[in-house]
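K.L.:
There are 2 protein chains.
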Amino acid sequence: MPPFSRVTVIGLGLIGSSIARGIRARMPDVCVTGYDASAEVRDTARAIDLCDTVADSAGASVAEADLVVLCVPVGAMGAAAAEIAGDLPAGAIVSDVGSCKQAVATALREALSEAVIVPAHPVAGTEQSGPESGFASLFHGRWCILTPPEGTDPAAIDRVADFWRRLGAEIEQMAPDHHDRVLAITSHLPHLIAYTIVGTASDLEEVTQSEVVKYSAGGFRDFTRIAASDPTMWRDVFLTNREAVLEMLQRFSEDLTALQRAIRWGKGDELFDLFTRTRAIRRGIVEQGQDDAKPDFGRTHE
Amino acid sequence: MPPFSRVTVIGLGLIGSSIARGIRARMPDVCVTGYDASAEVRDTARAIDLCDTVADSAGASVAEADLVVLCVPVGAMGAAAAEIAGDLPAGAIVSDVGSCKQAVATALREALSEAVIVPAHPVAGTEQSGPESGFASLFHGRWCILTPPEGTDPAAIDRVADFWRRLGAEIEQMAPDHHDRVLAITSHLPHLIAYTIVGTASDLEEVTQSEVVKYSAGGFRDFTRIAASDPTMWRDVFLTNREAVLEMLQRFSEDLTALQRAIRWGKGDELFDLFTRTRAIRRGIVEQGQDDAKPDFGRTHE
Ligand SMILES: NC(=O)c1ccc[n+]([C@@H]2O[C@H](COP(=O)([O-])OP(=O)(O)OC[C@H]3O[C@@H](n4cnc5c(N)ncnc54)[C@H](OP(=O)(O)O)[C@@H]3O)[C@@H](O)[C@H]2O)c1
Ligand SMILES: NC(=O)c1ccc[n+]([C@@H]2O[C@H](COP(=O)([O-])OP(=O)(O)OC[C@H]3O[C@@H](n4cnc5c(N)ncnc54)[C@H](OP(=O)(O)O)[C@@H]3O)[C@@H](O)[C@H]2O)c1
Numbered sequence: 001m002p003p004f005s006r007v008t009v010i011g012l013g014l015i016g017s018s019i020a021r022g023i024r025a026r027m028p029d030v031c032v033t034g035y036d037a038s039a040e041v042r043d044t045a046r047a048i049d050l051c052d053t054v055a056d057s058a059g060a061s062v063a064e065a066d067l068v069v070l071c072v073p074v075g076a077m078g079a080a081a082a083e084i085a086g087d088l089p090a091g092a093i094v095s096d097v098g099s100c101k102q103a104v105a106t107a108l109r110e111a112l113s114e115a116v117i118v119p120a121h122p123v124a125g126t127e128q129s130g131p132e133s134g135f136a137s138l139f140h141g142r143w144c145i146l147t148p149p150e151g152t153d154p155a156a157i158d159r160v161a162d163f164w165r166r167l168g169a170e171i172e173q174m175a176p177d178h179h180d181r182v183l184a185i186t187s188h189l190p191h192l193i194a195y196t197i198v199g200t201a202s203d204l205e206e207v208t209q210s211e212v213v214k215y216s217a218g219g220f221r222d223f224t225r226i227a228a229s230d231p232t233m234w235r236d237v238f239l240t241n242r243e244a245v246l247e248m249l250q251r252f253s254e255d256l257t258a259l260q261r262a263i264r265w266g267k268g269d270e271l272f273d274l275f276t277r278t279r280a281i282r283r284g285i286v287e288q289g290q291d292d293a294k295p296d297f298g299r300t301h302e
Numbered sequence: 001m002p003p004f005s006r007v008t009v010i011g012l013g014l015i016g017s018s019i020a021r022g023i024r025a026r027m028p029d030v031c032v033t034g035y036d037a038s039a040e041v042r043d044t045a046r047a048i049d050l051c052d053t054v055a056d057s058a059g060a061s062v063a064e065a066d067l068v069v070l071c072v073p074v075g076a077m078g079a080a081a082a083e084i085a086g087d088l089p090a091g092a093i094v095s096d097v098g099s100c101k102q103a104v105a106t107a108l109r110e111a112l113s114e115a116v117i118v119p120a121h122p123v124a125g126t127e128q129s130g131p132e133s134g135f136a137s138l139f140h141g142r143w144c145i146l147t148p149p150e151g152t153d154p155a156a157i158d159r160v161a162d163f164w165r166r167l168g169a170e171i172e173q174m175a176p177d178h179h180d181r182v183l184a185i186t187s188h189l190p191h192l193i194a195y196t197i198v199g200t201a202s203d204l205e206e207v208t209q210s211e212v213v214k215y216s217a218g219g220f221r222d223f224t225r226i227a228a229s230d231p232t233m234w235r236d237v238f239l240t241n242r243e244a245v246l247e248m249l250q251r252f253s254e255d256l257t258a259l260q261r262a263i264r265w266g267k268g269d270e271l272f273d274l275f276t277r278t279r280a281i282r283r284g285i286v287e288q289g290q291d292d293a294k295p296d297f298g299r300t301h302e
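Now the structure itself:
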């Protein structure tokens, strides 16, 4: 039996709509209610039949829920939680999917002093956003990290873990501050760097934008995909996970300076050693099913 | 009629083997001879029937050619050219596919003082290397940049352009120093940054390698693909295109510092503006057919 029977998803973007679709596909008996602050998103959700019901207020959406999953940008988590505080049934579990866990946990606790809260972060996504970009298999084979505060009811943790397993995810548990440092290096810093280099390329005077586009197949285009991710989501992530991001950025800058010196002084061996070392991590990722071995990300070439 | 009837490919790695396969597919009457410094690569090339003939010396491979394409790492171009100097037929055209054009042009001219040289760079590739990684359609819809020195016979340029068009590429012509700056931003810097961040991630003490691998789907895995590219090729590129790479790196570092400040001081608007601006370039790349619009690089999700 599914661990919940009435799930409410608040924020019907990429992640929220993927959860809704995943429930439909994998837990067909569970009733899904959706809510989004945007009337346009609610209309779209109705038009594409994303949920059993799309409510017109946050309060109404949670009134009968036994699980509420907040899927709004990290900076909006506190406000979204405050909106449901008055209508949340006793005994309902609240979870979220935010990309940063420490600050979100604090915001949720402030808004919902009484609720059982089990924060989660499914490490899965694409560069798209909005209710039409979700799909049921987004979480298959990906990790979902739970970061329950100390003292959280173990039964509640188990139910949320069970929920994510049924959506296809594997479960890991860690402290929120450790989560934020791990994700700073595996997700936040890569996005920051991608945004930066795409910005640098668009600001050059001597190389035109049209040249950048034409010759992007040399590697640059892969960065533009990442840098096409949602601006609101990522602004919130960097403002929220500031300390960890700045620390990882500091390390990265030091390493980049070392590489710059190696190039300036013609130290081919240093370059070669690093370029060889980095292949091992790639192998690990492919072996553990976190990416495809097909070359060029499996782009089709006809 | 194809512009050449006897083509020799020297260096049977990703690019060389893709050219050989492309000729077989698109210019079946053209005779292809191959040569590689590595006996193992020559054996593989024979086993997979890559060329009509695989010669056992560079000199023998070019003796009857009307086009010789050098497909060795940038740092080996001069040596590869010197090896064929004594056997190159009068009237044969020499070309190369090196990722940097200024230094390679100088090296080729020194080794082959008499030959007609039309340097080229097909902006296409994957992260794999070796004779078995090539495929005939690698150059389809990609740009091939010709950088003939001033005074090059226009008829020779036309023939090389025709050759690449038949392999599916579109042709652009530019000065070698401009090429090197354009590619520094669209290809060399992205690779350098990807290598750096993968290195940074593997050196952290508080985040284990296994965590980096597990949670790589948050963005990091895309960098590991780029950082899995051939170490020899990329060492040579950075040593050879040093000035342009260092200059672009300087710009990138300044921009990264600005972003770092914005994060430190909580300037959400600055972040949001940059993250919005970078989407335009992505749209250009997709519209002009230089990448797929499918989310997540078209990775399949089942
Ligand atoms: N995308 C990823 O790769 C990924 C991966 C893992 C986790 N996450 C996390 O998942 C969350 C959602 O991301 P997403 O990619 O799904 O974003 P998204 O596609 O932009 O969807 C977010 C939705 O939430 C709505 N919203 C904003 N504030 C709200 C509020 N107070 N109440 C109700 N709805 C509200 C937004 O409406 P408006 O557009 O009108 O503001 C939007 O429709 C974020 O916390 C993100 O950090 C994302
Ligand atoms: N890969 C890309 O994405 C890409 C794109 C555009 C242009 N390029 C350029 O294309 C060229 C080849 O790159 P690739 O990716 O095809 O590399 P690759 O797969 O590593 O192949 C290079 C081959 O050349 C052989 N070789 C080295 N020195 C030689 C010499 N003096 N004579 C004959 N053979 C020699 C190598 O043998 P050993 O392995 O025994 O040394 C190897 O088999 C480089 O100049 C690169 O900059 C690459």
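The listed protein sequences derive, respectively, from chains A and B. When we follow the UniProt record's numbering, the leftmost residue of the first sequence carries the number 1, and every step to the right adds one. When we follow the UniProt record's numbering, the leftmost residue of the second sequence carries the number 1, and every step to the right adds one. Just so it is clear, CB atoms sit at the ideal spot from N, CA and C, and this is done for glycine as well. These numbers come from a predicted model, not from an experiment.
Please state if the CB of Q288 (chain A) and the CB of I198 (chain B) are separated by a distance shorter than 7 Å.
P.N.:
On the second sequence, position 198 is the one that residue 198 (chain B) refers to. On the first sequence, position 288 is the one that residue 288 (chain A) refers to. Rather than Ile, the amino acid found at residue 198 (chain B) in this sequence is Val. Contact: no.
K.L.:
Check Y35 (chain B) in the structure and name its three-state DSSP category.
P.N.:
Taking the second sequence and counting its residues from 1, the one referred to as residue 35 (chain B) is at position 35. Three-state DSSP puts Y35 (chain B) in a strand.
K.L.:
Considering only residues of the same chain and omitting the five flanking positions on each side of V30 (chain B), which have a CB-CB separation below 8 Å?
P.N.:
For this step, residue 30 (chain B) is matched to residue 30 along the second sequence. Result list for V30 (chain B): P2, F4, S5, R6, V7, I23, in chain order.
K.L.:
Going by DSSP, what residue range makes up the beta strand (DSSP E) through T179 (chain B)?
P.N.:
Looking up residue 179 (chain B) in the second sequence gives position 179. A quick correction: the sequence has His, not Thr, at residue 179 (chain B). That residue, H179 (chain B), is in no beta strand (DSSP E); its alpha helix (DSSP H) goes 176 to 183.
K.L.:
Where does S57 (chain B) land, buried or exposed, given buried means 16+ other C-beta within 10 angstroms?
P.N.:
Numbered from its first residue, the second sequence carries residue 57 (chain B) at position 57. It counts as exposed.
K.L.:
Within 8 Å, do at least three Cβ pairs link the segment 128 to 142 of chain A to the segment 100 to 109 of chain A?
P.N.:
no
K.L.:
Run the proximity test for A14 (chain A): is its beta-carbon closer than 6 Å to any non-hydrogen atom belonging to ligand 1?
P.N.:
Translated into the one-based positions of the first sequence, residue 14 (chain A) becomes position 14. One detail in the question is off: residue 14 (chain A) reads as Leu in this sequence, not Ala. Correct: L14 (chain A) has its Cβ closer than 6 Å to ligand 1.
K.L.:
F252 (chain B) and V245 (chain B): beta carbons closer than 7 Å?
P.N.:
If you number the second sequence from 1, residue 252 (chain B) lands on position 252. If you number the second sequence from 1, residue 245 (chain B) lands on position 245. For F252 (chain B) and V245 (chain B), no; Cβs fall outside 7 Å.
K.L.:
One question on the structure: do T276 (chain B) and P73 (chain A) come within less than 7 Å of each other, judged by their Cβ atoms?
P.N.:
For the purposes of this step, residue 276 (chain B) is taken as residue 276 along the second sequence, with counting starting at 1. For the purposes of this step, residue 73 (chain A) is taken as residue 73 along the first sequence, with counting starting at 1. Contact: no.
K.L.:
In terms of residue numbering, what span does the beta strand (DSSP E) encompassing P122 (chain A) cover?
P.N.:
Indexing the first sequence from 1 puts residue 122 (chain A) at position 122. Its beta strand (DSSP E) spans residues 120 to 122.
K.L.:
Could you tell me the boundaries of the alpha helix (DSSP H) in which T106 (chain A) lies?
P.N.:
The sequence position of residue 106 (chain A) within the first sequence is 106, counting from 1. Run containing T106 (chain A): 102 to 111, per the alpha helix (DSSP H) assignment.
K.L.:
Any C-beta of chain B sitting closer than 7 Å to the C-beta of D291 (chain A)?
P.N.:
Sequence index remark: in the first sequence, residue 291 (chain A) carries index 291 (1-based). Closer than 7 Å: yes.
K.L.:
Around the C-beta of T300 (chain B), are 16 or more other C-beta atoms found within 10 angstroms, so that it is buried, or is it exposed?
P.N.:
Mapped onto the second sequence, residue 300 (chain B) falls at position 300. By the neighbour-count rule (16 or more Cβ atoms within 10 Å), T300 (chain B) is not buried but exposed.
K.L.:
Would you say D230 (chain A) touches ligand 1, meaning its beta carbon is less than 6 Å from a heavy atom?
P.N.:
Counted from its first residue, the first sequence places residue 230 (chain A) at position 230. For D230 (chain A), the shortest C-beta to heavy atom distance toward ligand 1 is below 6 Å.
K.L.:
Is the beta carbon of G98 (chain B) within less than 6 Å of some heavy atom of ligand 2?
P.N.:
Within the second sequence, the letter at position 98 stands for residue 98 (chain B). For ligand 2, at least one heavy atom lies less than 6 Å from the Cβ of G98 (chain B).
K.L.:
Where A217 (chain B) and D43 (chain A) are concerned, what is the direct C-alpha to C-alpha distance, given to the nearest angstrom?
P.N.:
To locate residue 217 (chain B), count along the second sequence from 1; it is residue 217. To locate residue 43 (chain A), count along the first sequence from 1; it is residue 43. Whole-angstrom Cα-Cα distance: 31 Å.
K.L.:
So who's on the other strand from R261 (chain B), going by DSSP bridges?
P.N.:
Here residue 261 (chain B) refers to the residue found at position 261 of the second sequence. Bridge partners of R261 (chain B): none, in fact.
K.L.:
Count the C-beta pairs between the segment 45 to 59 of chain B and the segment 74 to 88 of chain B that are closer than 8 Å, then say yes if the count reaches three, no if not.
P.N.:
Segment contact: the segment 45 to 59 of chain B against the segment 74 to 88 of chain B, three or more CB-CB distances shorter than 8 Å; contact assigned.
K.L.:
Which bits of chain C does I171 (chain B) rub up against, with CB to CB less than 7 Å?
P.N.:
Protein chains A and B are contained in the structure displayed, whereas chain C is not.
K.L.:
If you draw a straight line from the alpha carbon of I285 (chain B) to that of G298 (chain B), how long is it in whole angstroms?
P.N.:
Within the second sequence, the letter at position 285 stands for residue 285 (chain B). Within the second sequence, the letter at position 298 stands for residue 298 (chain B). Answer to the nearest angstrom: the Cα atoms are 15 Å apart.
K.L.:
Given 6 Å as the limit, tell me if M233 (chain B) has its C-beta closer than that to any heavy atom belonging to ligand 2.
P.N.:
As a working mapping, residue 233 (chain B) is identified with position 233 in the second sequence. For ligand 2, at least one heavy atom lies less than 6 Å from the Cβ of M233 (chain B).
K.L.:
Hey, is the segment 167 to 186 of chain A in contact with the segment 142 to 150 of chain A, meaning 3+ C-beta pairs nearer than 8 Å?
P.N.:
Judged by Cβ distances under 8 Å, the segment 167 to 186 of chain A makes contact with the segment 142 to 150 of chain A, as three or more pairs qualify.
K.L.:
Tell me, please, whether the segment 156 to 165 of chain A touches the segment 178 to 192 of chain B by the rule of three or more beta-carbon pairs shorter than 8 Å.
P.N.:
no
K.L.:
With 7 Å set as the bound, which would you pick, yes or no: does the beta-carbon of H191 (chain A) sit closer than that to a beta-carbon of chain B?
P.N.:
In the first sequence, counting from the first residue as 1, residue 191 (chain A) sits at position 191. H191 (chain A) counts as touching chain B.
K.L.:
Give me, in chain order, the residues of the same chain whose beta-carbon lies closer than 7 Å to that of D52 (chain A); leave out the 5 immediate sequence neighbours on both sides.
P.N.:
Along the first sequence, read from residue 1 onward, the residue named residue 52 (chain A) stands at position 52. For D52 (chain A), where only same-chain residues beyond five positions count, the Cβ hits under 7 Å are C31, V32, T33.
K.L.:
Please list the segments of the beta strand (DSSP E) lying wholly inside the segment 36 to 74 of chain B, counting only runs of 3 or more residues, in order along the chain.
P.N.:
67 to 70
K.L.:
In terms of residues, what are the limits of the beta strand (DSSP E) holding E172 (chain B)?
P.N.:
Residue mapping note: residue 172 (chain B) aligns to position 172 of the second sequence, counting from 1. From DSSP, the beta strand (DSSP E) with E172 (chain B) extends over 170 to 173.
K.L.:
Mind checking whether the beta-carbon of D36 (chain A) lies closer than 6 Å to any heavy atom of ligand 1?
P.N.:
For this step, residue 36 (chain A) is matched to residue 36 along the first sequence. Yes - ligand 1 has a heavy atom lying nearer than 6 Å to the Cβ of D36 (chain A).
K.L.:
For G125 (chain B), which option in B:E243, B:E206, B:F135 has the closest C-alpha, if you only look at C-alpha atoms?
P.N.:
Residue mapping note: residue 125 (chain B) aligns to position 125 of the second sequence, counting from 1. Cα-wise, what sits closest to G125 (chain B) is B:F135.
K.L.:
Return no unless some Cβ of chain B is closer than 7 Å to the Cβ of I19 (chain A).
P.N.:
Mapped onto the first sequence, residue 19 (chain A) falls at position 19. Not closer than 7 Å to any Cβ of chain B, the Cβ of I19 (chain A) fails to qualify, so no.
K.L.:
Among the residues of its own chain, which have a CB less than 7 Å from the CB of I157 (chain B), if the five just before and after it don't count?
P.N.:
Position 157 of the second sequence, counting from 1, holds the residue named residue 157 (chain B). Same-chain partners within the cutoff: V118, L146, P148.
K.L.:
Could you give the DSSP three-state label for L88 (chain B): helix, strand or coil?
P.N.:
Start at 1 with the first residue of the second sequence, and residue 88 (chain B) comes out as number 88. Three-state result, L88 (chain B): coil.
K.L.:
How is R142 (chain A) classed by DSSP in three states: helix, strand or coil?
P.N.:
As a working note, residue 142 (chain A) is residue 142 in the first sequence. In the structure shown, R142 (chain A) sits in coil (DSSP, three-state: anything other than H, G, I, E or B).
K.L.:
If we count the other Cβ atoms within 10 Å of its Cβ and call it buried at 16 or more, is P154 (chain A) buried or exposed?
P.N.:
Taking the first sequence and counting its residues from 1, one reaches residue 154 (chain A) at position 154. Per the 10 Å Cβ criterion, exposed.
K.L.:
G59 (chain A): beta carbon under 6 Å from a heavy atom of ligand 1?
P.N.:
Your numbering for residue 59 (chain A) matches position 59 in the first sequence. Result no, Cβ not under 6 Å from ligand 1.
K.L.:
In the segment 277 to 289 of chain B, which residues sit with their C-beta less than 7 Å from some C-beta in chain A, listed in chain order?
P.N.:
R277, T278, R279, I281, R282, G284, I285, Q288
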